[in-house]
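The sequence shown begins at 197 in our numbering and counts up one residue at a time. We put the beta carbon where it would ideally sit given N, CA and C, even for glycine. Just so you know, these numbers come straight off a predicted model, no measurement behind them. Contents: one structure, followed by commentary.
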Amino acid sequence: MSQLKQTLSDNIKTSMKARELERVKVLRNVQSVVKQIEIDRQTELDDAQVLEVLQKQLKQRQESLTIFTENGRDDLATKEQFEIDIINEFMPKQMSDDEISALVNAEIAEQGATSMRDMGSVMGVLKTKTAGRADPALISKLVKEALQG
Numbered sequence: 197m198s199q200l201k202q203t204l205s206d207n208i209k210t211s212m213k214a215r216e217l218e219r220v221k222v223l224r225n226v227q228s229v230v231k232q233i234e235i236d237r238q239t240e241l242d243d244a245q246v247l248e249v250l251q252k253q254l255k256q257r258q259e260s261l262t263i264f265t266e267n268g269r270d271d272l273a274t275k276e277q278f279e280i281d282i283i284n285e286f287m288p289k290q291m292s293d294d295e296i297s298a299l300v301n302a303e304i305a306e307q308g309a310t311s312m313r314d315m316g317s318v319m320g321v322l323k324t325k326t327a328g329r330a331d332p333a334l335i336s337k338l339v340k341e342a343l344q345g
């Protein structure tokens with residue numbers, strides 16, 4: 197079992213003992229998504245794959261939070277924020293914008309990338325290096341800016 201899945205399972209047990217029912221509900225939901233993907237793929241997910249699932253769950257909730265906030269549904273926005281906070285506990289420390297920028301520039305220099313044709317290879321390496329620690333959309337934006345001049 198991957199370390200992240202074990203941590204998730206341990207957190208569910210701890211939360212159940214503490215009778216934190218809302219927290220248990222969120223954690224079980226995330227765990228069930230992971231298990232469903234494992235069943236669909238007929239393989240056990242490793243930490244990197246579980247991290248991808250967590251990122252997708254976070255992104256969905258952040259989109260919902262934005263929609264609820266824009267439409268004045270503070271009750272639902274509060275619930276989404278609660279779930280985001282819980283999922284964030286399992287995410288690695290996020291990289292700062294400066295760290296991401298430095299990594300993008302270093303990778304472009306290392307590969308000798310000069311045009312937008314090189315973006316795919318640069319993004320492939322950066323996605324692996326920053327897994328779960330940086331927003332892929334931000335990385336993409338920085339790579340585009342650097343390659344376009």
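The beta carbons of Leu261 and Ile280 sit closer together than 8 Å. Distance check between Lys201 and each of Glu216, Asn225, Ala214 places Asn225 closest, using alpha-carbon atoms only. Residue state for Pro332 is assigned as helix, using DSSP reduced to three classes.
When the beta-carbon positions are compared, Ser198 and Asp270 stay at least 8 Å from each other.
Judged by their CB atoms, Thr326 and Met287 are not nearer to each other than the 8 Å cut-off. CA-to-CA, the gap between Glu285 and Gln238 works out to about 27 Å.
In this structure, the straight-line span from the alpha carbon of Asp331 to that of Asp294 is close to 13 Å. Shown here, Gly316 sits in a helix according to DSSP, grouped into three states.
DSSP places Thr239 in the coil class of the three-state scheme, outside both helix and strand. In this structure, Leu322 lies near Leu299, with their beta-carbon atoms less than 8 Å apart. Its chain contains Val300, Glu303, Ile304, Gln307, Ala309, Val339, Leu343 as the residues whose beta carbon lies nearer than 8 Å to that of Val318, once the 5 sequence neighbours on both sides are disregarded; these appear in chain order. With respect to the 8 Å criterion, Ile235 and Val249 are not classified as neighbours on the basis of their beta carbons.
It is roughly 37 Å from the alpha-carbon of Glu218 to the alpha-carbon of Lys337.
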